[in-house]
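Heads up, the sequence shown is in our numbering, so the first residue is 21 and it goes up one at a time. Here a beta-carbon is modelled for each residue, glycine too, at the ideal position from N, C-alpha and C. This one's a predicted model, so the numbers in the text were calculated from it and none came from an experiment. Accompanying notes for the structure given below.
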Amino acid sequence: MSFFDLNCARKKERELERKLRANDREYNLSFKYATNAIKTSKYNFFTFLPLNLFEQFQRIANAYFLFLLVLQLIPEISSLSWFTTVVPLVLVLSVTAAKDATDDINRHRNDNHVNNRKVQVLIDEKLRSEKWMDVHVGDIIKLENNQFVTADLLLLSSSEPLNLVYIETAELDGETNLKVRQALTVTGDLGDDVSKLADFNGEVLCEPPNNRLDRFTGTLAFAGQKYALDNEKILLRGCTLRNTEWCFGLVLFAGPETKLMQNCGKSTFKRTSVDRLMNVLVLFIFGFLAFMCTVLAIGNYCWELGEGSAFTVFLPRQNGHDAAFSSFLTFWSYVIILNTVVPISLYVSVEFIRLGNSFYIDWDRKMYHSRSDTPAVARTTTLNEELGQIKYVFSDKTGTLTQNIMTFNKCSINGKTYGDVFDYMGQRLEINEHTEKVDFSFNPLADPRFTFHDHALVEAVKLEIPEVHAFFRLLALCHTVMAEEKKEGELSYQAQSPDEGALVTAARNFGFVFRSRTPDSISIVEMGEQCTYKLLAILDFNNVRKRMSVIVRSPEGKLSLYCKGADTIICERLHSSCTKLTNVTTEHLNEFAGEGLRTLALAYKDLDEDFFLQWQQRHHEASTALEGREDKLEQLYEEIETDLLLLGATAIEDKLQDGVAQTIEQLSKADIKIWVLTGDKQETAENIGYSCNLLREEMNDIFVISGNSPEDVRQELRNAQKSMKPGATEDCTFLPERTLGKSVKALADEAVNGEFGLVINGHSLAYALERSMELDFLRTACMCKAVICCRVTPLQKAQVVELVKTYKRAITLAIGDGANDVSMIKVAHIGVGISGQEGMQAVLSSDYSFAQFRFLQRLLLVHGRWSYLRMCKFLRYFFYKNFTFTFVHFWYAFFCGFSAQTVYDELFITLYNLVYTALPVLGMSLFDQDVNDAWSFQHPQLYVPGQLNLYFSKTAFFKCALHSCYSSLVLFFIPYGAVSQAARTDGRDVADYQSFAVLTQTCLLFAVTIQLGLEMSYWTAVNTVFVVGSLVMYFVVTFTMYSNGLFLLLPSAFPFIGTARNSLSQPNIWLTIVLTSILCTLPVVTYRFLLILLRPTINDKVMFKVRQAKASPPPLPRRARIRRTSSRRSGYAFSHAQGYGDLVTSGRFLRRPAPPRSSGFAHTGRATSGFSPMGRSAGYSPAERAQYAKAQEVETTSLQMYRTISDAAL
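In structure tokens:
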């Protein structure tokens, strides 16, 4: 962190309130507020090298190799050349530095792209185009339509009536529906007059920078008056200006002090759990290395005292070099010789493996989204194996699980359902892109993007069935949508919620087109005829009412109340004559809800003129009351919304992304817990939870935490705990502390009987995340199969993820697509960005990115599991081969007078890790797989061992060390015993040092190569070439280096002249090689055979199935669509927001009046010439019943009576 950043941090701690003056930079600069420049990069040109090296040498192994290099530069103790360490060390540091530099250059580019955007700033009474980075607190800036908001602004004026602006906040909260902001009248009068704006010198006193997106408090002092400021007058950075030609704003917070940046969280250096474990193991290895060197140094001291004096005749000691000093030098000499227990090639190989597995993700065509031309991208190469250990997935909802697209899917009108498609045999067909769509060409005002497949509904509209007309008339009138028509016939709707927009669009396509509104009227086109209804009252929605109503007067003078809302609420207010129709409609609602659709009931009521006049007077008095206004209005609403007549119900689909439900089901089978963290309302999130199988009817219980005080929230959490685990104590159970692990105790998992879900609101979550309650919340949540957190801020998302990271020994993954997800993506062990419709903020902050949530199962269950499996196999084998290699040195020390002589040729020591064993282990680590991807999907339980660290852990490491110890004993003492008393076929002795070295290193190479073959599950041509080629390479190099020619060229460099030729030509040498290989391999084969026989793992069982199948598994059968009923209700009203009714009737929500226009199309009712009902509209039904007959024994409504009278008259 730079000095400037530190200074800012100190200043933020002191800032209790913010003061600023418009158009006065000199005054505002005195407070040293941050400029609008942002910085997400870590380095600059001068700090890169020192900072990056400092970070890299924090890795224990790198610091160790640097220390080793210093030792090798000391001639008295070094028996190996210094370049054997410096070359690989420089290689590792360079590769890592290059990768870090590339990542930081990309961050610099992104910062520059944002900082160099242009905006018009009012300077010296002129609008000048300035870069974003040059904007300061107190500046007045001008924004135009579709521009990003530059900083956190106080809205001053706009081009729209009553100084309104429309903004899209998708980058902040993931919601794509537009929101309204309104300037103060006193600043709105400034308009776009530059001179007036330049003279504006208002002073703002407000809260200091913070991360609360939904709250702002402050005051504006101007012209001797003070005006209150709240969130409705603030435009936040990250929003986009929509449908507003221009607006002016005063900069309150800039750059890092904006609420968007305050919610972004810090970029942290992410390391895998394998890396963290490696750091602990390296400490163990260093301790063990020191122990071995101490033992050998003591041995040298004893040998020098006892046997060493006999050699001083022909090996005289240097002056002052006694036994103690010799022992001291021997210690450091063996530190160098035995350093191969942690070879630097290990870290080089790890980087190559991670890079290769990252390329597999980039190249995977099955994770490529052709529609958006978006491939999967591994934006980091250091976290691949972590993908195979995920226990918790934290997901955003909007844009991640859903497409944020609402579609009118089905409806029930007068006891009959519409929306399903049947064949000629009466069988229900599954709807897909090939299903025939309804032709709306009869309606020139229809939205061409709207699709519907049941032709019966449009034909019912054409037949002028009164109930159907009344149904769509209600949808066209009962809403708070705003219409915009810039060109004749080109309508666009601005809806406060996407589901309300979907309902109005459905009515539009079926012939009831909402055209415009004023504060006291609504204009619609009914089947080609322009109609204007007088709007007398809007009975607004709130979370208690769960419904909204409008009272209108038709062109004929008829007074009607139209109501829509949650069906449970509507049914309580129906007239007794609707009982049987209610029962039929309830069955339809159960069916809709069972399919995960968002249901809504529609009802109406004709009002008596005298009663309404009296009610209207009381309504006016209640709405102007100073005390108890809300209670009085609620009482009046209850009074008039009674004895309603049921029309039907709608079913809207909040379209999930493709494959979301299947992905969540697969991840659940892999024992991955999924938490949804969303800014949406509780009911909306619950609906999606059911739609995507996160919440299920089969669950034992779903707990809703909605307390408004800490005590309430704590009690609700503990009640949930007792319900799930009746005998549970209030105290949390912690896991035993780890050796050299994190200091915070980890919360233990608790088993419960059954499956449970948890839903918690944002305000309750704020209490639950307090220090005194966070463990209660975590304990309750972890008992549940699924968790949904609603109305959460971006910072709360990060806090939830951090809580799980801190108190659970589990790997977390966060996935999202908007800027509101950036903080949790940065905090989680793995961050995944969805390349969606909400910008690229999440992708730029992520570790992996792709286009669809469904690709997550392939990323985890295939790439993640393979990467983890390969890395663990690599580490186990690498430690085995290097421990075995090193321990032979240890045993040899007892036979060479502890003189620090190497048992192998120095050339073999140099090439062992670089040439002879490098490619085979890399081949295994890049190509090995226990089962293919299809079997991985069929058996998601294969993922569980990774979560439990079963493939590589401290236990596995010590088993590996013991195995190496046994192998080294065999590899030293069998060859030693075989050659100590042996002779060649010509009678000459073979028990010399060079012959023994060649034999031992050959036995070693064969033993570790055979062990590699046993580790490998998937042989490819590449693997085979690597394994066989490495053995061939060994013999080629050995015979070449030990040849006469090279000895004659450089006698000192190639002393092993003829050793290979003389030794490897003897049958007893080859018999020794075979014997050692068998003895090294036999215990491993026996152990694995018994393990598979007695305690087979899930991998063993699946691999046995694969061998039985002898081929890839057949394709999965298509899942039949199951139609199920549900007692659960989902409601459009739940996703609505309170207060829009008042905004509509006040006129403050209205846009400029549209130009006069025609109705758009001719009347197409019953008298339409040439229309002939066909198919289902003609009365044919596959079930052999009248198509439009009323439900059996359903009482006649007033509309049906009207229809009967009309028909009789005809």
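Between the alpha carbons of N1043 and E1035 lies a distance of about 12 angstroms.
From the listed residues S365, E659, D841 and L270, the smallest Cα separation to Y936 is found for S365.
Apart from the 5 residues on each side of it in sequence, V355 sits with its Cβ closer than 6 angstroms to the Cβ of C313 in its chain, given in chain order. Between the C-alpha atoms of V807 and I694 there is a straight-line separation of about 7 angstroms. Spanning the alpha carbons of E770 and I1098 requires a straight line of approximately 47 angstroms. Following the DSSP letters along the chain, one finds K151 inside the beta strand (DSSP E) bounded by residues K146 to K151. By the criterion of at least three beta-carbon pairs nearer than 8 angstroms, the stretch 601 to 621 is in contact with the stretch 584 to 591.
For E822 and E611, the gap between their C-alpha atoms comes out near 40 angstroms. Across the structure, A241 and L280 are spaced so that their CA atoms are roughly 26 angstroms apart. Distance from the CA atom of T832 to the CA atom of V923, rounded to whole angstroms, is 47 angstroms. For a cut-off of 8 angstroms, the C-beta gap from L89 to L109 is around 7 angstroms, short enough to register as a contact.
Annotated as proximal: L497 and I542, with beta-carbon spacing under 7 angstroms.
The beta carbon of S643 sits closer than 8 angstroms to those of R649 and L653, all from its chain and outside the five residues before and after it, given in chain order.
Judged by DSSP in its simplified three-state form, V1126 adopts helix.
Taking a C-beta distance under 7 angstroms as the contact criterion, T1096 and V1028 do not qualify as a contact pair.
Look at N263 here: in three-state DSSP terms it is coil, with no helix or strand label. When Cβ pairs closer than 8 angstroms are counted between the two stretches, the stretch 675 to 695 is seen to touch the stretch 942 to 960, the count reaching three or more. Per DSSP, reduced to three states, the secondary structure at E37 is coil, with no helix or strand assignment. Taking V680 as the centre and dropping the five residues before and after it, the same chain places the C-beta of L421, C712, F873 and R874 closer than 7 angstroms to its C-beta, in chain order. With a contact defined as Cβ atoms closer than 8 angstroms, F532 and F472 miss out at about 14 angstroms. Beta-bridge partners of L555 (DSSP): V572. In this structure, DSSP gives N933 a helical state, which the three-state scheme calls helix.
Excluding five sequence positions before and after H639, the CB atoms of its chain that fall closer than 8 angstroms to its own CB belong to A557, L653 and L656, given in chain order. Counting of Cβ neighbours within 10 angstroms places I433 among the buried residues, the total reaching 16 or more. By the 16-neighbour rule on beta-carbons within 10 angstroms, Q1031 is buried. At a Cβ-Cβ threshold of 7 angstroms, I692 and I410 count as neighbours. Spatial neighbours of R734 in its own chain (CB-CB distance under 7 angstroms, excluding positions within 5 residues in sequence) are listed in chain order as M793 and D796. Annotation: the continuous alpha helix (DSSP H) that includes L309 extends over S293 to G326.
Apart from the 5 residues on each side of it in sequence, T904 sits with its Cβ closer than 6 angstroms to the Cβ of S984, S987 and S988 in its chain, given in chain order.
Distances from the CA of L970 to each of V294, N933 and I80 were compared; the closest alpha carbon is that of V294. Within the DSSP bridge table, the entry for K507 names E510 as partners.
Residue state for G222 is assigned as coil, using DSSP reduced to three classes. Comparing C-alpha distances from N952 to each of V882, F918, W911 and G917 shows the shortest one belongs to V882. By the beta-carbon neighbour count (other beta carbons within 10 angstroms, threshold 16), H133 is exposed. Proximity to S1015 across Q550, Q1086, Q949 and L946 peaks at Q1086, based on C-alpha coordinates. Cβ atoms of L523 and F428 come within 8 angstroms of each other, at about 7 angstroms.
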